[in-house]
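Numbering (my numbering), first residue to last: 129 to 369. In this text, a Cβ means the ideal position worked out from N, Cα and C, and glycines have one as well. Being a predicted model, the structure only gives us computed values, none of them experimental.
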Amino acid sequence: MNNKGLIVITGASSGIGEATAKLFSEKGHPLLLLARRLDRMESLNLPNCLCRSLDVVDYEKFKECIKEAESKFGDVEAIVNNAGVMLLGDLTDQSPEEWKRMLDVNMLGVLNGMQLVLPKMKERKGGTIINVSSVAGRKNYESHAAYCGTKFGVHAITEGARIEAALNNVRMVTIAPGAVETELLDHTSSEDIVKDYQDWKEEIGGVIRSEDIANAIWYAFNQPQGVNVREIVIAATKQAN
Ligand code: NDP
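Written as structure tokens, this is what we have:
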């Protein structure tokens with residue numbers, strides 16, 4: 129019988145979410161993995177793992193997935209709100225649909241995940257919410273205005289919720305990665321911006337791996353419940369900005 133608590137990970141079908149799922153599974157936790165590409169999560173073949181196709185913007189379906197996982201594995205011990213999209217662009221010509229998608233997934237998706245686990249965590253006086261923001265949630269970069277707006281939002285939401293839940297012994301962690309080698313950049317529609325970004329990554333000799341972020345998430349989670357690592361900022365040594 130597994131006595132480790134249930135971990136919910138959004139955006140678990142690639143990159144940071146996938147690496148985090150593998151690590152928490154290795155550590156013996158049952159998992160609820162959520163993203164739209166079900167096949168990618170199922171192909172990880174992890175034990176004690178429920179995979180469900182979900183758009184994190186869909187509050188009701190998100191709620192059902194958590195209910196189903198809790199009936200199988202018990203209460204959620206932690207949620208990693210990691211699902212996100214980065215659609216880089218200049219505000220003068222970027223499509224408003226791209227702004228909406230980023231606001232929806234990066235902010236509403238995170239708010240949904242938080243509210244769906246918070247009441248029970250507060251009630252039982254324990255639990256951890258880990259939100260994946262970015263260094264782009266602390267400072268601005270060219271072509272990042274709208275994306276930075278959403279990630280500054282993730283920082284603000286997490287810190288605000290931390291203050292609200294502190295006396296209920298619920299931890300709130302913001303993870304702020306620099307550039308990580310994942311599929312994230314693939315969705316940016318401007319070929320010039322993608323090329324400049326790729327060139328910069330090559331110039332500095334490559335960036336960090338999803339596994340590096342998974343280790344940081346594990347570090348924060350694995351502290352005693354009375355210790356809240358509020359924020360981890362983690363980037364390649366050669367990433368100057
Ligand atoms: P990936 O593109 O590899 O992963 C993004 C994940 O989010 C995928 O699993 C994707 O799954 C999921 N996702 C996207 N939209 C939705 C949606 N509407 N509903 C549910 N899931 C969704 O990139 P990363 O691993 O890099 O990104 C993970 C997080 O890390 C993001 O929040 C990103 O902003 C952040 N980050 C990444 C950095 C980087 O350089 N890579 C740097 C700083 C922060 P699917 O498409 O199957 O739904």
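Best match in the options for proximity to residue i [C-alpha to C-alpha]
i	options	result
Asp-221	Asn-296, Leu-166, Ala-273, Thr-148	Ala-273
Cys-177	Leu-159, Gly-241, Val-357, Phe-152	Leu-159
Arg-252	Asp-320, Val-136, Gln-353, Thr-148	Gln-353
Arg-266	Val-361, Lys-366, Asp-167, His-157	Val-361
Cys-179	Glu-188, Val-185, Lys-200, Leu-219	Lys-200
Val-204	Ala-284, Val-298, Ser-338, Leu-312	Val-298
Gly-202	Lys-248, Val-233, Val-263, Arg-229	Lys-248
Met-235	Asp-183, Glu-198, Asp-218	Asp-183
Asn-356	Ala-364, Asp-327, Asp-320, Ala-294	Ala-294
Residue range of the alpha helix (DSSP H) that includes residue i
i	result
Arg-81	In the structure displayed, the chain extends from 129 to 369; residue 81 sits before or after that span and is not available.
Arg-290	273-293
Val-238	237-252
Glu-309	That residue, Glu-309, is in no alpha helix (DSSP H); it is neither H nor E in DSSP.
C-beta contact flag for residue i and residue j at 9 Å
i	j	result
Gly-241	Thr-138	yes
Val-301	Asp-340	no
Thr-316	Leu-172	no
Gly-306	Ile-336	yes
Asn-343	Leu-151	yes
Leu-246	Gly-143	no
Val-263	Val-233	no
Glu-292	Arg-358	no
Ala-348	Ile-285	no
Glu-188	Leu-134	no
Gly-255	Ala-206	yes
Whole-angstrom distance between residue j and residue i, CA atom to CA atom
i	j	result
Trp-227	Tyr-275	8 Å
Asn-268	Asn-131	43 Å
Leu-161	Val-136	6 Å
Met-129	Ser-271	Caution applies to Met-129, whose pLDDT of 45 falls short of 50 and renders its modelled position unreliable; the value that the coordinates give is listed next. Between Met-129 and Ser-271, the C-alpha separation is close to 50 Å.
Thr-278	Lys-155	31 Å
His-283	Asn-350	21 Å
Ala-140	Ala-149	7 Å
Lys-250	Asn-296	5 Å
Phe-190	Gly-237	9 Å
Thr-310	Gly-145	10 Å
Ala-147	Val-322	24 Å
His-157	Leu-174	10 Å
Pro-224	Glu-319	18 Å
First through last residue of the beta strand (DSSP E) which encompasses residue i
i	result
Arg-180	177-181
Leu-159	159-163
Asn-343	Note, Asn-343: premise wrong, no beta strand (DSSP E); alpha helix (DSSP H) at 338-349.
Met-214	No beta strand (DSSP E) contains Met-214, which DSSP labels as neither H nor E.
Leu-134	134-138
Ile-207	204-209
Segment contact, 8 Å Cβ cut-off, at least three pairs: the stretch 201-215 with the stretch 243-260:
yes
Pair every Cβ in the stretch 182-200 with every Cβ in the stretch 231-251, then say whether three or more of these pairs are closer than 8 Å.
yes
Is the stretch 163-172 touching the stretch 326-333, taking contact as three or more C-beta pairs under 8 Å?
no
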